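Asker: First residue of the sequence shown: 180, per the numbering used here; consecutive thereafter. For each residue, glycine too, the CB sits at the ideal point set by N, CA and C. The structure displayed is predicted, hence computed values, not measured ones. Just passing along the structure, written as structure tokens.
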Amino acid sequence: MRRVYSAPGDRIETRRPVTVSRYRGFTRVNHWLAAACTIVLLLSGLAFFSPPLFFLTALFGGGATTRWLHPVIGIVLFFSFLVLFIQLWRLNLPRREDVEWARKTGDVLAGHGKNLPELGKFNAGQKTMFWGMAGLIVALSVSGVMIWEQQIPLWRDHAPVLASIPARRIAVAVHASAAFLMIMLFILHVYAAIWTRGTIRAMTRGTVTGGWAFRHHRKWLRELAGRQGAGPAE
Ligand code: HEM
Numbered sequence: 180m181r182r183v184y185s186a187p188g189d190r191i192e193t194r195r196p197v198t199v200s201r202y203r204g205f206t207r208v209n210h211w212l213a214a215a216c217t218i219v220l221l222l223s224g225l226a227f228f229s230p231p232l233f234f235l236t237a238l239f240g241g242g243a244t245t246r247w248l249h250p251v252i253g254i255v256l257f258f259s260f261l262v263l264f265i266q267l268w269r270l271n272l273p274r275r276e277d278v279e280w281a282r283k284t285g286d287v288l289a290g291h292g293k294n295l296p297e298l299g300k301f302n303a304g305q306k307t308m309f310w311g312m313a314g315l316i317v318a319l320s321v322s323g324v325m326i327w328e329q330q331i332p333l334w335r336d337h338a339p340v341l342a343s344i345p346a347r348r349i350a351v352a353v354h355a356s357a358a359f360l361m362i363m364l365f366i367l368h369v370y371a372a373i374w375t376r377g378t379i380r381a382m383t384r385g386t387v388t389g390g391w392a393f394r395h396h397r398k399w400l401r402e403l404a405g406r407q408g409a410g411p412a413e
């Protein structure tokens, strides 16, 4: 059967009660790596942002260690998210039903599921988060390397190689603004994962219940059921 809404590893595990695989082990480990990197980056970044927050460097072994750790973890996050991006971008492309879902945010928040359209693997909120995080990670990485340039030993004696001083000033502003938006998205993402009951286990155990899939991502579930020989109604 043609795959539109689901990833290759997704499948209905058992019929009674129905359990559905949502993320493979590799994806889950990589997701938590990205999450851990983001937390380290936010805390160490805040430590550099304002003197009253400098005490946060103690978490990482002092100012000097934090200074090299922050950009190195930034590189790890870039590649970790790149893998997530390659795996998930297609399923995060906007679809017609996303517009209707987004227009009915009131029903989403009030839990009136029957007024909402059937959805594939991700809803418009998750998709916005996905593209937002992708854009911000690129902005943070590019502006971060521009600021970091002077600390890179090979380039240190020939700076500025990549960016002039005025360009670096802009990079600092971009870096701080993107970090602020990233903190907002991060809070929203974690809040949504906890608020939608039964979601956290998708990233811990890798599975969700059939009821969860039917309620929140029915097109995804129907496609998996069709793929495994059961009729969509079943
Ligand atoms: C402690 C913090 C975090 C928690 C508790 C958390 C939890 C979750 C959960 C439960 C899901 C599955 C949602 C679903 O399948 O419906 C998910 C998906 C995802 N998370 Fe996180 N997450 C955290 C941090 C992060 C961070 C920092 C990033 C990015 C740097 C991230 C990127 C993603 C992506 C890309 C997805 C897939 C959703 C999509 O592609 O639209 N998460 N997260």
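Quick one: using the 10 Å Cβ neighbour count with 16 as the cut-off for buried, is Tyr184 buried or exposed?
Answerer: Burial call: buried.
Asker: Our contact map puts Gly188 next to Arg203 with C-beta atoms below 8 angstroms; I'd like the distance itself, whole angstroms only.
Answerer: That pair is a contact at about 4 angstroms.
Asker: Please classify Leu272 as buried or exposed, where buried requires at least 16 other C-beta atoms within 10 Å of its C-beta.
Answerer: Result: exposed.
Asker: Under 7 angstroms Cβ to Cβ from Leu232, same chain only, skipping five residues before and after it: list those, please.
Answerer: Leu225 and Ala226.
Asker: Output the distance between the C-alpha atoms of Ser223 and Ile379, rounded to the nearest integer angstrom.
Answerer: When rounded, the distance between both Cα atoms is 26 angstroms.
Asker: If you measure from the CB of Thr198, is any heavy atom of ligand 1 nearer than 8 angstroms?
Answerer: The answer is no for Thr198.
Asker: Under the rule that 16 or more other beta-carbon atoms within 10 Å means buried, what is Gln407, buried or exposed?
Answerer: Exposed, because fewer than 16 other Cβ atoms sit within 10 Å of the Cβ of Gln407.
Asker: Under the three-state reduction of DSSP, which class applies to Arg182: helix, strand or coil?
Answerer: Coil at Arg182, not helix or strand.
Asker: Residues in its own chain within less than 6 angstroms of Gly279 by CB, not counting five upstream and five downstream?
Answerer: Note that residue 279 is Glu in the sequence shown, not Gly. Excluding positions up to five away in sequence, the list reads Pro296.
Asker: Express the C-alpha separation of Leu364 and Ile373 in angstroms, rounding to a whole number.
Answerer: Distance between the alpha carbons of Ile373 and Leu364 is about 14 angstroms.
Asker: Rounded to a whole number of angstroms, what is the C-alpha to C-alpha distance between Leu269 and Gly299?
Answerer: For clarity, residue 269 is Arg in the given sequence; the question names Leu instead. Computed Cα separation, rounded: 11 angstroms.
Asker: Could you compute how far the alpha carbon of Ala412 sits from the alpha carbon of Lys398?
Answerer: Unreliable placement is indicated for Ala412, whose pLDDT of 47 sits below 50; the coordinate value is still reported in the next sentence. Whole-angstrom Cα-Cα distance: 12 angstroms.
Asker: Is the separation between the beta-carbon of Leu261 and that of Leu315 shorter than 9 angstroms?
Answerer: No, the Cβ-Cβ distance between Leu261 and Leu315 is not below 9 angstroms.
Asker: Please name the residue, chosen from Thr198, Arg282 and Gly323, that lies closest to Phe393 on a Cα-to-Cα basis.
Answerer: Of the listed residues, the one whose Cα sits closest to Phe393 is Thr198.
Asker: Please classify Asn294: is it buried, with 16 or more other beta-carbons within 10 angstroms of its beta-carbon, or exposed?
Answerer: The residue is exposed, with fewer than 16 neighbouring Cβ atoms inside 10 Å.
Asker: Which same chain residues, not among the five before or five after Ala313, have their C-beta less than 6 angstroms away from its C-beta?
Answerer: Cβ within range, chain order: Phe264.
Asker: Does DSSP put Arg201 in a helix, in a strand, or in coil?
Answerer: In the structure shown, Arg201 sits in coil (DSSP, three-state: anything other than H, G, I, E or B).
Asker: Count the other CB atoms, across all protein chains shown, that sit within 10 Å of the CB of Asp252; report buried if there are 16 or more and exposed otherwise.
Answerer: Position check: residue 252 holds Ile in this sequence, whereas Asp was assumed. When all chains shown are included, Ile252 counts as buried.
Asker: Would you kindly work out how many angstroms separate the C-alpha atoms of Gly311 and Glu192, rounded to a whole number?
Answerer: Each residue's Cα considered, the two are about 32 angstroms apart.
Asker: Quick one: what's got a C-beta closer than 6 angstroms to Arg275's C-beta in the same chain, skipping five residues either side?
Answerer: Correct list: empty, nothing qualifies.
Asker: For Ser320, does the count of other Cβ atoms within 10 angstroms reach 16, so buried, or fall short, so exposed?
Answerer: The residue is buried, with at least 16 neighbouring Cβ atoms inside 10 Å.
Asker: Heavy atom of ligand 1 less than 8 angstroms from the Cβ of Thr193, yes or no?
Answerer: Outside the cutoff, so no.
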